[in-house]
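Going left to right, the sequence shown walks through residues 511 to 1136 as my numbering numbers them. First the structure, in the form of structure tokens, and then the observations on it.
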Amino acid sequence: MEKQTLSFQAEVKQILHLVTHSLYSNKEIFLRELVSNASDACDKLRFEAIDHPQFLEDAPNLELRIFFDTDKRTLTIRDNGIGLSAEEAVSHLGTIAKSGTKEFMSKLEGDQKKDAALIGQFGVGFYSGFIVADRITVESRRAGLPAEQGVRWSSEGTGDFEVEEITRAERGTDVILHLREGEDEFMRPWKLKSIISKYSDHISLPILMLKEDWDGEKAEYKTTDEWETVNKASALWARAKSEVTDAEYQEFYKQISYDSDAPLAYTHNRVEGRSEYTQLLYIPAKAPFDLWNRDKRGGVKLYVKRIFIMDDAEALMPVYLRFVKGVIDSADLPLNVSRELLQESRDVKAIREGSTKRVLSMLESLADSEDVIEKDKYQAFWDEFGSVLKEGIGEDHANKERLAKLYRFASTHADKGVSLADYVSRMKEGQQAIYVIASDSLGAAKASPQLEIFRKKGIEVLLLTDRVDEWLLSHLMEFEGHPLQSVAKGAVDLGSLQDEDEKKAADAAATAFAPVLERLRESLKDRAKDVRATSRLVDSAACIVVEDGEMSAHLARLLKQSGQAAPPSKPILEVNPDHALVKKLEGDPRFDDFANLLFDQAWLAEGGQLDEPAAYVQRVNRLLVG
């Protein structure tokens, strides 16, 4: 065949402009694409050689070689795969989205498709070479053809390409990049090796480069004639679990996470069905400093057929599991998948759901284990990541029940580690609700006057002290049929937990105290929505509560601290008719001062800040002076 000059398909001209100007933001991606294509060509040969073993000729070992020539400013990616005929070079390199893989796959029928699962579609990957090269030359010969039927394809990536027949002894393909000025870094061995390590380390074929030796006289590295493998040539996650040691799993975690500590737990699985993918997921032992940044990208790396795609595929894991590290390798996604496609893909949704369930299963196995060490591991996890896991209750409705069982709290019975199931198992006979209180700290929660009647009767109350707990209470309404009830909302009603004599005494006290309550309402009409007698207090004179359905005082404070306005509302003041200070109110000429003092003290005990501290000090001074 004489040398011919042919025109690119119109779509190729468009894609060349797109690729070189905007498709890839990271220049080094070209090497990933070309190495992937070379690997793909070897996969094709391996498959075709099943029926045509002669295609392997005298070189049965498939491999990739990468080398450069600083004088000619060329970088070459060589494979000994299936190769191209002259006709294929014209059709596949001059027509968009036809690297040869798509056409090859379309010819497979029946069970052959499953056998060729590793053969991917690489679309426009070849053209990414023009990001760093002003000319690309491809020299190739298809396996099974004579040496005289090799082909050379060449183009500057504009409107035309040249093709001619050459003699080539070896089957396979050389992609020769004539590097642009300013792209010298791609002729440095350390740079090429770092790109291979980042993107192509786990390609199953060896990638070879010329070894370098240190020249002591010139104080520099000198390239030798000896070839060395620069990738591991084996994806750890693609190996059988029985072949991977715990030490290897831990070392791999440290490589991908840059964490010096071993992971707390990990899970390794291959999923088959509508979507096929492999997952190797880790839970770190320690929380990163930016854990609370919800805009931070996730820690899961996406691979497609062992080819690295992106570092932070947040679409593969919900935001509340952003601490999870690991690898997900899909057999179905296209290699040139974008973040936008990840958001829309049905396969990605299936991977996300499956991976979420796998992480929750991993946590459940720790939390439910009878082994003390495993339980301690889960408590360690909860101490680091529990606050983030709580976000999931309002974001992941499908796993709401599973998440609720994983949550742990402090309570009036224990400072940490109390599950909702533990609480329910310890409920008093006749108790229906799960009682909770949200506060700024464990100390403040324990000291809250609203707990006094519960402590007196030995009723356990969960102490919620994370900022996210108010969010949790707005979404977790009940657990196993038991409603979660805040002791800081509504009138206290212990139902059957309060005996008849106590109820009668409380009603009688409220009736006898009615005139004082009315005066308190009048004195505090600008500060309190209502004033009422309560049986929840034992040692304290008063406490602040809100009506059911209203925003708690604690949540209102959190909103204010974050610069947001809370809806205007007044709290309810509950007073203890049996307290000496409350009894002193009746007939005292300083009634208004005592009334406001009760309110201020109750507000401070709740954790609030006084609007007028100076007025409070003056009021206390007047009462002390008498």
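Note that beta-carbon positions come from the ideal geometry of N, C-alpha and C, so glycine has one too. Because the structure is a prediction, the values reported are computed rather than measured.
Straight-line measurement puts the Cα of Ser871 at about 34 Å from the Cα of Gly968.
In the DSSP annotation of this structure, the continuous segment of the alpha helix (DSSP H) that includes Met872 starts and ends at Arg856 to Ala877. If you keep only unbroken beta strand (DSSP E) runs of at least 3 residues inside the region 766-834, you get 775-781, 787-793, 809-814 and 817-820. DSSP places Ala948 in the uninterrupted beta strand (DSSP E) bounded by Ile944 to Ala948. Contact check between the region 1123-1133 and the region 1051-1066: fewer than three CB pairs, one atom from each, fall below 8 Å, which does not count as touching. The criterion of a C-beta distance shorter than 8 Å is not satisfied by Ser638 and Ile713. In the three-state reduction of the DSSP assignment, Val600 falls in the helix class. Its chain contains Lys900 and Ile903 as the residues whose beta carbon lies nearer than 7 Å to that of Leu982, once the 5 sequence neighbours on both sides are disregarded; these appear in chain order.
Here Phe799 is exposed. Its C-beta has fewer than 16 other C-beta atoms within 10 Å. For Ala920, the beta-bridge partners assigned by DSSP are Leu973. Per DSSP, Glu512 is not a residue of any beta strand (DSSP E), being assigned neither H nor E. Cβ-Cβ distances below 6 Å link Thr515 to Asp670 and Glu672 in the same chain, with the five nearest sequence neighbours on each side left out; the list follows chain order. Look at the beta carbons and you see the region 784-791 touching the region 831-843: at least three pairs across the two are nearer than 8 Å.
Around the C-beta of Glu962, 16 or more other C-beta atoms lie within 10 Å, and the residue is accordingly described as buried. Annotation: Ile641 is outside any beta strand (DSSP E) and is labelled neither H nor E by DSSP. Ranking Arg832, Pro1087 and Arg1037 by CA distance to the CA of Val898 puts Arg832 first. Nearest in C-alpha terms to Gly809, of all of Val1055, Val858, Ala1022 and Tyr768, is Tyr768.
A Cβ-Cβ separation of about 12 Å leaves Leu916 out of contact with Phe989 under the 8 Å criterion. Annotation: the continuous beta strand (DSSP E) that includes Arg588 extends over Thr584 to Asp589.
Arg698 sits exposed, since fewer than 16 C-beta atoms from the chains shown fall within 10 Å of its C-beta. Here the alpha carbon of Ala908 sits roughly 48 Å from the alpha carbon of Ile576. Counting other Cβ atoms within 10 Å of its Cβ, Asp553 reaches 16 or more and is therefore classed as buried.
Taking a cut-off of 8 Å on C-beta distances, the region 1042-1049 does not touch the region 1101-1115, as fewer than three cross pairs fall below it.
DSSP places Val997 in the coil class of the three-state scheme, outside both helix and strand. In the DSSP assignment, Val545 falls within the unbroken alpha helix (DSSP H) covering Ile539 to Glu558. Collapsing the DSSP output to three states places Gly682 in a strand. Beta-bridge analysis with DSSP links Val1041 to Leu1083. Thr975 is the residue among Ala943, Phe818 and Thr975 whose C-alpha sits nearest the C-alpha of Ser958. The three-state secondary structure of Val928, taken from DSSP, is strand. Under the three-state reduction of DSSP output, His992 falls in the strand class. Excluding residues up to 5 positions away in sequence, Val946 lie with their Cβ nearer than 6 Å to the Cβ of Ser996 in the same chain. Counting along the chain, Val1135 sits inside the alpha helix (DSSP H) bounded by residues Pro1123 to Val1135. Following the DSSP letters along the chain, one finds Glu962 inside the alpha helix (DSSP H) bounded by residues Glu962 to Lys967.
Counting every other CB atom within 10 Å of its CB across the protein chains shown gives Ile883 a total below 16, marking it as exposed. Burial state of Val1085 is buried, judged by a 10 Å Cβ sphere holding 16 or more other Cβ atoms. The three-state secondary structure of Thr677, taken from DSSP, is coil.
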